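Take a look at the structure set out below.
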Amino acid sequence: DAGVTQSPTHLIKTRGQHVTLRCSPISGHKSVSWYQQVLGQGPQFIFQYYEKEERGRGNFPDRFSARQFPNYSSELNVNALLLGDSALYLCASSLVGRGHTEAFFGQGTRLTVV
Amino acid sequence: AQKVTQAQTEISVVEKEDVTLDCVYETRDTTYYLFWYKQPPSGELVFLIRRNSFDEQNEISGRYSWNFQKSTSSFNFTITASQVVDSAVYFCALRPNMEYGNKLVFGAGTILRVKS
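Taken in order, these protein sequences are the chains called S and G.
In this text, residue positions in the first sequence follow the working numbering: the first is 4, and each later residue adds one.
In this text, residue positions in the second sequence follow the working numbering: the first is 10, and each later residue adds one.
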């Protein structure tokens, strides 16, 4: 079975531009979460979606938005990119319900803003 | 507020040594979940172990073992007979009791270097 897949794997953007990152969850997983990992730090929670609804949001500005599609894939959008947005963006999927707590991560999208 | 602290920034060991990674957490939830993830240079976070707050039994899985002590809010992770392939960044994470999906609070990570 395929794991969590993210695209693209690497991306270089200029300050002020917009970027869209994509994530396909493990088959059967209806929950998708996004994390930002700045070099040398632990991942920081950005969003969580379940059944196409936002279920949680981290402390990120409104420039960050996301959505989940009927097939449970997800997009993370970042507008007006800043140099500080340079990071590894990780997507995780999971089952939902009692006992289903493990999140499985994709390989990430490494975004560089210049 | 939820918080995870990994006080060890970097650990270096020689192959076949045992190594313990420390993790201290803070939460007001009575039910929560704790995890250890491994991040090799490729970047993908690999799930290793999970512990529920209502089960303090410590376990061993192959070369991995963990020590969960609710009284001290600690969730330490031990690799026995370390190997070079264990070199990676290890993250401890806390998941509050949520009805839907996952919001994980990660520590800053511990870099483990295993030398041959």
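By construction, the Cβ of each residue, glycine as well, lies at the ideal position given by its N, Cα and C atoms.
These numbers come from a predicted model, not from an experiment.
Nearest candidate by alpha-carbon position, reference residue i, set the options
i	options	result
Gln110 of chain S	S:Gly19, S:Val22, S:Gln39	S:Gln39
Leu54 of chain G	S:Thr112, S:Val117, S:Val116	S:Thr112
Cys32 of chain G	G:Tyr99, G:Phe84, G:Ala117	G:Phe84
Ser36 of chain S	S:Ala106, S:Asp88, S:Gly45, S:Leu114	S:Ala106
Leu91 of chain S	S:Ser76, S:Thr104, S:Val116	S:Val116
Thr23 of chain S	S:Glu54, S:Ser30, S:Leu14	S:Leu14
Lys55 of chain S	S:Ile49, S:Leu86, S:Lys33	S:Lys33
Ala102 of chain G	G:Glu26, G:Asp27, G:Asn61, G:Gln92	G:Asn61
Tyr34 of chain G	G:Ser80, G:Val13, G:Lys25	G:Val13
Ser74 of chain G	G:Gly52, G:Ser91, G:Met107	G:Ser91
Ser96 of chain S	S:Gln20, S:Asp88, S:Phe108	S:Phe108
Cys94 of chain S	S:Phe50, S:Val41, S:Thr104	S:Phe50
Asp27 of chain G	G:Met107, G:Val93, G:Phe100	G:Val93
Opening and closing residue of the beta strand (DSSP E) in which residue i lies
i	result
His13 of chain S	13-16
Leu121 of chain G	119-124
Lys12 of chain G	12-14
Cys94 of chain S	90-97
Ile20 of chain G	19-23
Val28 of chain G	28-30
Leu114 of chain S	112-116
Val55 of chain G	55-61
Ser77 of chain S	77-81
Residue j beta carbon less than 8 angstroms from that of residue i
i	j	result
Asp95 of chain G	Val114 of chain G	no
Phe72 of chain S	Val81 of chain S	no
Trp45 of chain G	Phe77 of chain G	no
Thr40 of chain G	Phe63 of chain G	yes
Ile69 of chain G	Val98 of chain G	no
Ala69 of chain S	Leu84 of chain S	no
Ser27 of chain S	Ser76 of chain S	yes
Gln15 of chain G	Gly118 of chain G	yes
Gly6 of chain S	Ile29 of chain S	yes
Phe3 of chain S	Lys47 of chain G	One cannot answer for residue 3 of chain S here, as it falls past the ends of chain S, which runs 4 to 117.
Phe88 of chain G	Arg104 of chain G	Reading off the sequence, residue 88 of chain G comes out as Ile, not Phe. Going by C-beta atoms, Ile88 of chain G is not nearer than 8 angstroms to Arg104 of chain G.
Arg18 of chain S	Leu86 of chain S	yes
Gly45 of chain S	Gly116 of chain G	yes
Proximal residues of chain S, C-beta to C-beta of residue i below 9 angstroms
i	result
Glu53 of chain G	Gly6, Val7, Leu93, Phe108, Gly109, Gln110, Gly111
Gly116 of chain G	Gly45
Phe56 of chain G	Glu105, Ala106, Phe107, Phe108
Beta-carbon neighbours of residue i, restricted to chain S and to distances below 7 angstroms
i	result
Arg104 of chain G	Thr104
Tyr42 of chain G	Thr104
Arg122 of chain G	Here the premise fails: no neighbours, minimum Cβ distance about 15 angstroms.
8 angstroms Cβ cut-off: residues of chain G touching residue i
i	result
Phe48 of chain S	Lys112, Leu113, Val114
Contact set between residue i and chain G, taken where Cβ atoms lie within less than 7 angstroms
i	result
Gly59 of chain S	Lys112
Ser10 of chain S	By Cβ distance, chain G contributes nothing, its closest Cβ being about 14 angstroms from Ser10 of chain S, past 7 angstroms.
8 angstroms Cβ cut-off: residues of chain S touching residue i
i	result
Phe86 of chain G	None at all; the shortest Cβ gap to chain S is about 15 angstroms.
Phe100 of chain G	Gly45, Pro46
Arg59 of chain G	Thr104, Glu105
Q) Quick one: any contact between the segment 49-66 of chain S and the segment 20-34 of chain G, if contact means 3 or more CB pairs under 8 angstroms? A) no
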